[in-house]
Structure formats: C-alpha cells, structure tokens
Amino acid sequence: MDEYQQLISLISLTMGVAWASGLNLYAAILVLGLGGASGGIVLPENLQVVQDPAVIMAAGLMYGVEFFADKIPGVDTGWDALHTFIRIPAGALLAANSLGDVSPALQLAAGIVGGSVTSVTHAAKASSRMLINTSPEPVSNWAASIGEDVAVLGGLWMALNHPLVFLVLFVLFLLLLIWLLPKLWRGIARIFRKLGQWLGLSEAAEQEIAPDEGEALADSLKELEGMHRSGSLTDDEFAQAKQKLLRS
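The numbering used here puts the first residue of the sequence shown at 7, with every later residue one more than the last.
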C-alpha cells in the first residue's frame with residue numbers, strides 16, 4: 007500500500023510541476039524552492055536544486071518581471087511567444103528530476119511526457135490570452151493573469167498534499183483542453199484574417215484569385231451561348247441564365 011501511495015505521489019508531483027510550468031514557470035520554481043527550503047515540502051534529491059538560494063532569488067526576480075509583463079495586453083502575448091522556448095524544456099527538465107533516483111530511461115520518459123504536458127498547457131494559456139487581448143478593457147487580462155498565479159499555487163499544493171485528487175482534476179483538465187484548443191485556434195485564425203484585411207494582405211490574395219474566377223465566368227458564358235445556339239435554351243431562358251450568372 008505504501009508503494010502504491012508513493013507511486014501516486016511521484017506521478018502527481020511530476021505532472022504537477024509540468025502543468026504549472028506551462029502556466030507560470032517562475033512561480034512554480036519559486037513555490038517549490040521556498041517550500042523545500044523552509045522544510046514544508048520534501049522534494050526528490052534531483053529536484054532539491056530549486057531550494058538553492060541563488061535559484062530562489064533568480065526565480066523570484068523573473069516572477070516579479072513576469073507579474074507585470076503578464077498583465078499588459080499585447081506585452082503578455084509577446085512574453086508568451088518568447089517563453090515557448092523556455093517553459094517547455096524547463097517543464098520537461100523539472101518533470102524528469104521529480105522522479106528521484108530512477109533509471110535514465112524512466113527519467114527520459116518522464117521528461118517526454120512532462121514536456122508534452124507543459125507544451126499543451128502553455129499553448130492553452132497563450133491562445134486564451136491572445137483572444138482576451140482582443141477586448142479593449144484590461145480587467146479581463148488582469149483577472150486571467152492573477153487566476154493563473156493562484157492556480158499554480160493551489161495546483162502544486164494539491165499535487166503535494168492530495169495527489170489522487172490532483173490526478174483526477176488533471177485528467178479532467180486534459181479532457182477540457184482536447185475540447186477547448188481547437189476552438190481557441192479557430193478564434194486565433196479569425197484574428198489573423200482580420201489583421202490581414204487591415205494590412206491589405208487579403209485584398210492582394212483576392213487579386214491573385216480574380217483571374218481564375220474570370221476564366222471560370224468566361225467558360226460558363228461560352229457554355230450558355232453554345233446551349234443557346236443549339237436550341238437547348240430559348241432567348242428568354244438564355245437571358246435569365248446569363249443575368250443570374252453575372253450576378254453570382
């Protein structure tokens with residue numbers, strides 16, 4: 007029974023740090039580092055590096071920068087884009103080191119799964135924040151940012167103290183993302199289409215397509231004329247079909 011509980015705790019910690027890293031990497035490191043240094047959390051040996059004062063100070067400094075950058079519409083999107091190359095590998099590394107003293111193969115497997123969880127969480131965060139930024143008021147942006155910080159703190163506490171409950175909620179979170187991410191990406195695609203219209207890129211695309219549409223119209227008119235000459239269409243039918251084609 008003890009081995010089962012230990013396994014659940016390790017999986018919960020591994021998935022918890024990966025998930026939290028996708029939302030706010032520096033907050034996750036800061037929570038683990040302060041908790042481990044104060045004795046409130048017993049971290050695996052390979053993860054105890056986050057308890058080092060230098061790591062805690064660096065994480066605290068970068069969390070302070072992100073706290074403000076993440077609440078400025080537009081700046082947060084640029085910050086998320088930059089951190090695509092930071093959160094995902096860091097999340098994979100934290101997940102791999104969360105297992106403690108295990109074989110390199112298990113560490114690599116944990117890193118692969120953890121990196122995937124971090125990337126999906128990061129994608130959901132970045133996509134939702136980009137859509138929120140389309141609103142002119144900043145309150146929704148501030149609320150989302152503060153909510154993410156609170157979620158990191160609460161999620162890691164849950165992963166460490168109630169691992170089974172966290173894993174159930176984690177599975178529900180993944181199912182929600184499977185449903186939500188396609189909708190977020192379609193919304194982002196609409197934003198880029200509107201940007202293309204504002205920048206005049208859509209007009210250029212229409213001009214490129216116009217010659218093909220003109221050729222199709224000419225072919226259709228020739229077909230109608232041929233049917234008219236052959237007697238398949240009366241004069242009135244030909245005139246009506248021609249007008250309908252030109253209006254379409």
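We treat Cβ as the ideally placed atom computed from N, Cα and C, and that holds for glycine.
Nearest neighbour of residue i, chosen from the options [CA to CA]
i: PRO79; options: PHE172, LYS248, TRP148, LEU182; result: TRP148
i: ALA129; options: TRP204, PHE73, ILE184; result: ILE184
i: LEU99; options: LEU112, ALA87, LEU88; result: LEU112
i: ASP155; options: SER238, THR240, ASP76, ALA224; result: ASP76
i: TRP85; options: ILE17, ASN30, PHE198, GLU229; result: ASN30
i: ARG93; options: VAL171, ILE152, GLY117; result: GLY117
Distance, residue j Cα to residue i Cα
i: ALA33; j: ALA96; result: 13 Å
i: ARG135; j: GLY28; result: 13 Å
i: TRP25; j: LYS250; result: 57 Å
i: VAL71; j: LEU36; result: 13 Å
i: GLU212; j: ALA247; result: For GLU212, the pLDDT reaches just 48, beneath the cut-off of 50, and the residue's location in the model is therefore unreliable, leaving the point undetermined.
i: GLY22; j: LYS200; result: 37 Å
i: PRO59; j: ASN52; result: 16 Å
i: TYR10; j: PRO169; result: 12 Å
i: GLY106; j: LEU162; result: 17 Å
i: SER15; j: LEU173; result: 10 Å
i: ASP225; j: PRO188; result: 39 Å
i: GLY160; j: GLN203; result: 42 Å
i: VAL320; j: LEU205; result: Because residue 320 is not part of the residues shown, which for the chain are 7 to 254, the question remains open.
i: PRO50; j: GLY42; result: 10 Å
i: VAL255; j: ASN139; result: This structure does not reach residue 255, given that the chain is present from 7 up to 254, and the question cannot be answered.
i: THR127; j: THR83; result: 15 Å
Where residue i sits in the DSSP three-state scheme
i: SER238; result: coil
i: GLU143; result: coil
i: PRO110; result: helix
i: ASP86; result: helix
i: LYS189; result: helix
i: ASP155; result: helix
i: GLY80; result: coil
Nearest-angstrom Cβ-Cβ length linking residue i and residue j, presumed shorter than 8 Å
i: ALA102; j: GLY120; result: 7 Å
i: ILE47; j: LEU175; result: Actually they do not touch by this definition, with Cβ atoms about 19 Å apart.
Residue i CB to nearest heavy atom of the ligand ZN below 7 Å
i: GLN203; result: The ligand ZN is not among the ligands present in this structure, which contains no ligands whatsoever.
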